[in-house]
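Report on the structure given below.
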Amino acid sequence: MITSRKSYVSKMVSELKPSGIRKFFDLAAGMEGVISLGVGEPDFVTPWHVREEAIRSLEQGFTAYTPNAGLLELRQEIAQYMYNEFDVTYDPEHEVIVTVGASSAIDIAMRTILDPGDEVIVVEPCFVSYVPTVELAGGTAVTVQALQENDFKILPEQLEAVTTERTKAIMICSPNNPTGTMLSKADLEGIATYAIKHDLLVISDEIYAELAYDENYTSFAAINDMRERTILINGFSKGFAMTGWRLGFVCAPQEISEAMLKVFQYQLMCASTMAQYAAIEALRNGRPEVDMMVKSYRRRRNFIVESFNEMGLSCHNPGGAFYAFPSIKSTGLSSQEFAEQLLQQEKVAVVPGDVFGESGEGHIRCSYASSLENLQEAVTRIKRFVESLEK
Ligand code: PLP
């Protein structure tokens, strides 16, 4: 007799926690009149000339698979872009892979480098996929907390404290989601010294590199001697306003790239063909729109950060991305309580900071990729909510 199993779902997957961001989207979706500062994507539509290239590719019948690593023409543009913008040289034939968003780049990087039990240091607060991606690849994620008093930057001694024989890589992200913190060249050099000392790989998520506001942005791979130990992740979603196209890329030294390509070819085969044609156009002729969008985000950042500080929610000035991460500790509420009550009382959706890691507790993430009018109304409502707590 066949006895039925309790569940067909693997132990690992059944133990995975669903993303805390989704929970708030679902709550907000059922309500009317909600202003959402929850979504982590540009409010701009992809520029028309970029969309037109995708249409043109369809008209010409380019509907087949591309090479696994992506159209060579696009990889050449990416290599040129990396050189022009970030001063790093990659061989387009062997060191660049076009992926399905930065998400699949993170996934193939982890699956390529990890043996069971290998450890990856993940700096929190961070994008919600890092820890699950490490775990799904059979590795162990060791989290380390970047603190507000250090401007949400990690200190080398914090990294030293969690490094073991099994540590294989460290995952960093600058500008950061959710804090907006941008690491300076000196910060990156500190991480580089640590990586050399322990012979580690660095997975650098640079998806927000275009959205850097105040200082000169430095790519981790541009730091002396780091190119050889860096897996650099970037893409079109954020800077080029192309989230729905699902197009990213990963650059790494040839040995690692070729290994990642093996994983990618079995996982996804290649990225969407029409999206790749659009991306060629975005890299060739998209600069004016990117600059315009960055200018607009900067204006909104200045407005929202100033507003939070004025209402007594201390907010550090994010150097990049489109997130403000104010502290709500003065209200005495937890991040979850604040977000839930704000949504119920004033219909503003924000993301509780703890979903990004322990050190995110006491904060909320507010995306300012929303119109200035929306932001003004949201700020008025949040202020009214905070004042109601004081009574
Ligand atoms: N990395 C970070 C830090 C992100 O914030 C996101 C999306 O929010 C991603 C990667 C995923 O990007 P993509 O849409 O290109 O998969």
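Going letter by letter, the sequence shown gives residues 1 to 391 in full-length UniProt numbering. Think of the CB as a built atom: it goes at the ideal place given N, C-alpha and C, for glycine as much as any other residue. Small disclaimer: the values here were computed from a predicted structure and weren't measured.
Nearest neighbour of residue i, chosen from the options [CA to CA]
i	options	result
C270	E281, R284, E289 and V250	V250
I231	A339, A195, P156 and N216	A195
residue 420	A109, L372 and W48	Absent from the model: residue 420. The displayed extent of the chain is 1 to 391, so no value can be given.
G312	R300, G320, P326 and R299	P326
A69	R56, E95, S237 and L16	E95
E53	S334, A369, K383 and W245	W245
K17	I382, S129, T164 and G117	S129
A102	L342, T243 and R301	T243
Q145	A161, A378, A339 and A137	A161
K262	A105, A279 and E135	A105
T380	T163, V100 and V348	V348
G190	V290, V202 and M31	V202
T66	R299, G362 and A275	A275
T179	V386, L342 and S314	S314
Between the CA atoms of residue j and residue i - distance to the nearest angstrom
i	j	result
I233	I256	13 angstroms
Q80	T89	8 angstroms
N317	T331	20 angstroms
Q76	I172	26 angstroms
N176	C126	7 angstroms
E206	N216	14 angstroms
S307	A241	26 angstroms
V34	F338	16 angstroms
R111	G138	8 angstroms
A321	S219	15 angstroms
I382	C366	11 angstroms
A28	V350	10 angstroms
A64	Y277	12 angstroms
A221	Y323	24 angstroms
F86	S14	41 angstroms
G40	F303	18 angstroms
T133	D107	6 angstroms
E377	P116	49 angstroms
E157	Q265	39 angstroms
L188	R227	13 angstroms
Y208	E281	19 angstroms
K329	Q341	15 angstroms
S10	E119	21 angstroms
residue 399	M292	No answer is possible for residue 399: the residues shown for the chain start at 1 and end at 391.
Expected contact under 8 angstroms - CB spacing of residue i and residue j to nearest Å
i	j	result
E20	P352	Looking at the sequence provided, one finds Gly at residue 20 rather than Glu. That pair is a contact at about 7 angstroms.
G360	S335	7 angstroms
I113	L159	Contact doesn't hold; Cβ gap of about 18 angstroms is too wide.
E135	F356	That belief does not hold up - the Cβ atoms of E135 and F356 are roughly 16 angstroms apart, past 8 angstroms.
E346	R384	6 angstroms
DSSP state of residue i mapped onto helix, strand, coil
i	result
L183	coil
I108	helix
N234	strand
H198	helix
I328	coil
S367	strand
D205	strand
S36	strand
L72	helix
Q60	coil
K153	strand
I78	helix
M171	strand
Chain D within 8 angstroms of residue i, Cβ atoms only
i	result
T230	The structure shown contains no chain D; it holds only a single protein chain.
Point to revise | Shell residues, 6 angstroms Cβ cut-off relative to heavy atoms of the ligand SAH | key: In the structure shown, the ligand SAH is absent; the only ligands present are the ligand PLP.
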